[in-house]
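Quick note on numbering that gives the first Met the number 0: the sequence shown kicks off at 0 and runs consecutively.
Every residue gets a Cβ at the ideal spot worked out from N, C-alpha and C, and that includes glycine.
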Amino acid sequence: MQLDTRVLGPSLPGVSKIRNYYLRDVLLKIEKSPTRLGTAKELIDQQIKTFKQDPTLRSLVFQVNVDP
Numbered sequence: 000m001q002l003d004t005r006v007l008g009p010s011l012p013g014v015s016k017i018r019n020y021y022l023r024d025v026l027l028k029i030e031k032s033p034t035r036l037g038t039a040k041e042l043i044d045q046q047i048k049t050f051k052q053d054p055t056l057r058s059l060v061f062q063v064n065v066d067p
């Protein structure tokens, strides 16, 4: 499953910086089928782990909201 056609963003939220953290919003549109949802969650987890392994990106903080 690819998410590239279902990704909106990154965009600036209403408040774009809080306590020296620069914020960005990314919206993923995913159908509610259990198989697609599970696959999407796995892909998101894999990407976050990939970012955390890169020393230059290790300081990124991710907050996942399933119902924005």
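**Item:** Where L73 falls: helix, strand or coil (DSSP)
**Value:** Nothing in the structure corresponds to residue 73, since the chain is present only between 0 and 67.
**Message:** So, at 7 Å on beta carbons, what are the nonlocal neighbours of R57 in its own chain, with the 5 sequence-adjacent residues on each side left out?
**Reply:** The count along the sequence shown starts at 1 and reaches residue 57 at position 58. A distance below 7 Å between beta-carbons, with the five flanking residues on each side excluded, links R57 to the following residues of its chain, in chain order: K51.
**Message:** Please report the straight-line C-alpha distance between E30 and L7, rounded to a whole angstrom.
**Reply:** Numbered from 1 along the sequence shown, position 31 holds the residue referred to as residue 30. Numbered from 1 along the sequence shown, position 8 holds the residue referred to as residue 7. Their Cα atoms are separated by approximately 15 Å.
**Distance between beta carbons of A39 and L27, contact taken as under 8 Å** = What you label residue 27 is simply residue 28 of the sequence shown in a count that begins at 1. What you label residue 39 is simply residue 40 of the sequence shown in a count that begins at 1. Your pair L27 and A39 checks out as a contact, with CB atoms roughly 7 Å apart and the cut at 8 Å.
**Prompt:** According to DSSP, what are the bridge partners of V6?
**Reply:** By 1-based counting over the sequence shown, the position of residue 6 is 7. According to DSSP, V6 bridges with L27.
**Item:** Nearest residue (CA-CA) to I47, options V60, N19 and Y20
**Value:** Taking the sequence shown and counting its residues from 1, the one referred to as residue 47 is at position 48. The alpha carbon of I47 has as its nearest neighbour, out of V60, N19 and Y20, the alpha carbon of V60.
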